[in-house]
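J.:
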Amino acid sequence: MRAIKLAAVLCVVGLFLAGSVFAQQMPNPYGPNIGLEAAKKVAAAAAREAGNLKINICTAVVDTGGNLVYFERFDVVQWGSVDVAIHKAKASVMYKRPTLALENAVKANIHYLTLDGISAIEGGVPIIENGKIIGAVGVSGGSAAQDGQCAKAGAAMIK
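In numbering that gives the first Met the number 0, the protein residues as written are 0 to 158.
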């Protein structure tokens, strides 16, 4: 009986700690939506990084509501990467954090997969301008780490 109580306490503590990881969203408020020209700059920077890595990618840029502003696909990317890139961007802006944080939260607590819009794989990054989230970029086509590297390069174009 004592072992069962200990296991229950450890489960509750584990859920609490996993919840605190997920709760660590970016403190930045939402700002005005990213415009088309800025979205193109984000995608171009992601494409340059993909060229450096010698990978083919899809890049999606969404506004603060998760609406697609700009999309770009290399000629030879698998078709599945189209929707994945868009989904990563939407999840990133919706939860105000990089999708890598969502991936880590799901690793700690599988129950997060029951939340709507979760994309638990690296490659989505919020775009911040003047301290406010104006959208997000999602990249798919390489490994998760490569997608994340390209998305970070794209988001870094906006200050």
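By construction, the Cβ of each residue, glycine as well, lies at the ideal position given by its N, Cα and C atoms.
Tell me the rounded alpha-carbon separation between Gly-195 and Cys-57.
T.: Residue 195 cannot be examined here, being either before or after the span of the chain that is shown, 0 to 158.
J.: Give the straight-line distance between the Cα atoms of Gly-79 and Glu-102, rounded to the nearest whole angstrom.
T.: 19 Å
J.: Taking the beta carbon of Pro-28 as the centre, do at least 16 other beta carbons fall within 10 Å, making it buried, or is it exposed?
T.: exposed
J.: Classify Lys-162: buried if its beta carbon has 16 or more other beta carbons within 10 angstroms, exposed otherwise.
T.: Here the chain covers residues 0 to 158 and nothing more, so residue 162 does not appear.
J.: Mind the definition here: the stretch 134-146 touches the stretch 82-96 only if three or more C-beta pairs lie below 8 Å; say whether that holds.
T.: yes
J.: Here's a check: name, in chain order, each residue in its chain whose Cβ is nearer than 7 Å to the Cβ of Val-76, leaving out the five neighbours to either side.
T.: Asn-55, Ile-56, Cys-57, Gly-140
J.: I believe Asp-62 touches Asn-32 by the beta-carbon criterion, under 8 Å. Please report the beta-carbon distance rounded to the nearest angstrom.
T.: With 8 Å as the limit, Asp-62 and Asn-32 qualify as a contact, their Cβ atoms being about 4 Å apart.
J.: In this structure, how does DSSP classify Asp-95 when only helix, strand and coil are distinguished?
T.: The question names Asp, but residue 95 in the sequence shown is Lys. The answer is coil: DSSP assigns Lys-95 none of H, G, I, E or B.
J.: Just the C-alpha distance for Gly-153 and Thr-98, rounded to the nearest angstrom, thanks.
T.: Cα to Cα, the separation comes out at about 15 Å.
J.: May I have the straight-line CA-CA distance separating Lys-39 from Asp-74, to the nearest angstrom?
T.: Just so you know, the alpha carbons of Lys-39 and Asp-74 end up roughly 17 Å apart.
J.: Span of the beta strand (DSSP E) holding Ala-135?
T.: Note, Ala-135: beta strand (DSSP E), 131-139.
J.: Which residue from Ala-119, Ala-155, Ile-117 puts its Cα closest to that of Ile-126?
T.: Ala-155
J.: For the beta strand (DSSP E) that contains Glu-121, what are its first and last residues?
T.: Element bounds for Glu-121: n/a, residue is neither H nor E.
J.: Can you list the beta strand (DSSP E) stretches of 3 or more residues lying completely in the stretch 26-83, in chain order?
T.: 57-61, 67-72
J.: Run through DSSP, which three-state label would Ile-109 get?
T.: helix
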